[in-house]
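J.: Numbering (this note's numbering), first residue to last: 2 to 60.
1) Out of curiosity, what's the CA-to-CA distance linking residue 17 and residue 4?
2) Less than 8 Å between C-beta atoms, sequence neighbours within five positions excluded: which residues of the same chain meet that for residue 37?
3) Considering Cα atoms alone, identify which of 55, 56, 44 is closest to residue 23.
4) Please state the DSSP three-state secondary structure of residue 18.
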């Protein structure tokens, strides 16, 4: 696990936070979001989207 944490730290240090996950803001149109999610709803949307993406990709 330490190897993964070190790799993550190195990538974060080199590239910084990306904030690239598109979030919807009160509608169906996704908006490119530049920065960390600012609310629990935004974080929930990212988590569910990531799970659904993996289920689709591996099913």
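All C-beta atoms, glycine included, are put in the ideal place defined by N, C-alpha and C.
Owing to the predicted nature of the structure, the values given are computational and were not obtained by experimental measurement.
T.: On the basis of the supplied data:
1) Straight-line spacing of the CA atoms in residue 17 and residue 4 works out to 19 Å.
2) 18, 20
3) 44
4) It is coil, neither helix nor strand.
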